[in-house]
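S.K.:
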Amino acid sequence: MIDFIEKNPSEVAFSVNHPYLMSEKIISKFKYGIINAHAGDLPRYRGNACQAWAIINNESKIALSIHLMDAEKLDSGDILIKEYLTITDNTRIAGVYKWIYDRTPFLYFKTYEGLINNSIKPVAQKSLGIKPLRCFPRNESDGRIDLSKNAESIVKLVNASSEPYSGAFCYYKNEKFTIWRAKTIHDIEFDYNSSCGQVYLEGENVYLMAFDKPIQLLEVEYKDYRGKPKSVLKSIRTRLT
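Be aware that the sequence shown starts at 6, since it is given in this note's numbering, and climbs by one per residue.
1. Are there 16 or more other CB atoms within 10 angstroms of the CB of VAL21, so buried, or fewer, so exposed?
2. On a Cα-Cα basis, can you pick out the residue from ILE32, ALA76 and PRO48 that is closest to SER247?
3. Under 8 Å between the Cβ atoms of LYS233 and THR189?
4. Answer yes if the region 36–45 comes into contact with the region 65–80, meaning at least three C-beta pairs across the two stretches below 8 Å, and no otherwise.
5. In the DSSP output, which residue or residues are listed as bridge partners for ASN41?
6. Around the C-beta of LEU112, are 16 or more other C-beta atoms found within 10 angstroms, so that it is buried, or is it exposed?
7. Do three or more CB pairs link the region 136–154 to the region 50–59 at distances below 8 Å?
8. Evaluate PHE174 with the Cβ neighbour count: other Cβ atoms within 10 Å of its Cβ, from every protein chain shown; 16 or more gives buried, anything less gives exposed.
9. Round the Cβ separation of THR96 and TYR176 to the nearest angstrom and send it over; I've been treating them as touching at under 8 Å.
10. Reducing DSSP to helix, strand and coil, say where PHE111 ends up.
11. Which same chain residues end up closer than 7 Å to GLU77 when comparing Cβ atoms and leaving out the 5 residues on each side of it in sequence?
Here's what the structure looks like:
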């Protein structure tokens, strides 16, 4: 790599999904350093799957942080620019990835332009006094729904585990039951006594009873079927586990 860089000199380099840490020997070859796009709110969110963790952690927004790479360190370099995406009840991980894909090239160009004309000043992460949160990768098993959680937490997990991930899931009749889309119901006309995971039917609508409020199921997958939950869940005596 060093030979290639020396034969093809450049003022700056941009990291695009580079999976390895960079050495000082390589970084020093570029006047403006190596610039990386990190889909997490630095300096707080470092590491892997920061977007999914931000949704699960009920954050109000997700950041796309453009920063300089530090030698042999992860997501610790000076921050150059950040842009935010507001998290709502309808924010799903695929939509976050599309936002990252669309905005990264623009922010890379804006950052390079700002470094050249001196309008962007690097900000050291340590100067912000924020303790980093190390985020680790998420596995398929992390999508298992804890039905004892509140409705909002369950829906956040569904949104964070949807495509391109493998989905949030529980079990129905000992078979995997994946919930691809769901939403919380903020206003209901009755109180209820129910075990968590109880299914409630009202017309064509199917609800999953959490301990604090119902969750409306919108799209599910069970065995070879994927679609509306009413095609699978047809009885009020149904219980998900």
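Note that CB positions come from ideal geometry on N, CA and C, so glycine has one too.
M.R.: On the basis of the data shown:
1. exposed
2. This structure cannot speak to residue 247, because the chain is shown only from 6 to 246.
3. no
4. yes
5. SER20 and HIS72
6. buried
7. yes
8. buried
9. In fact, because the Cβ distance is near 26 Å, the residues do not count as touching under 8 Å.
10. helix
11. LEU26 and SER28
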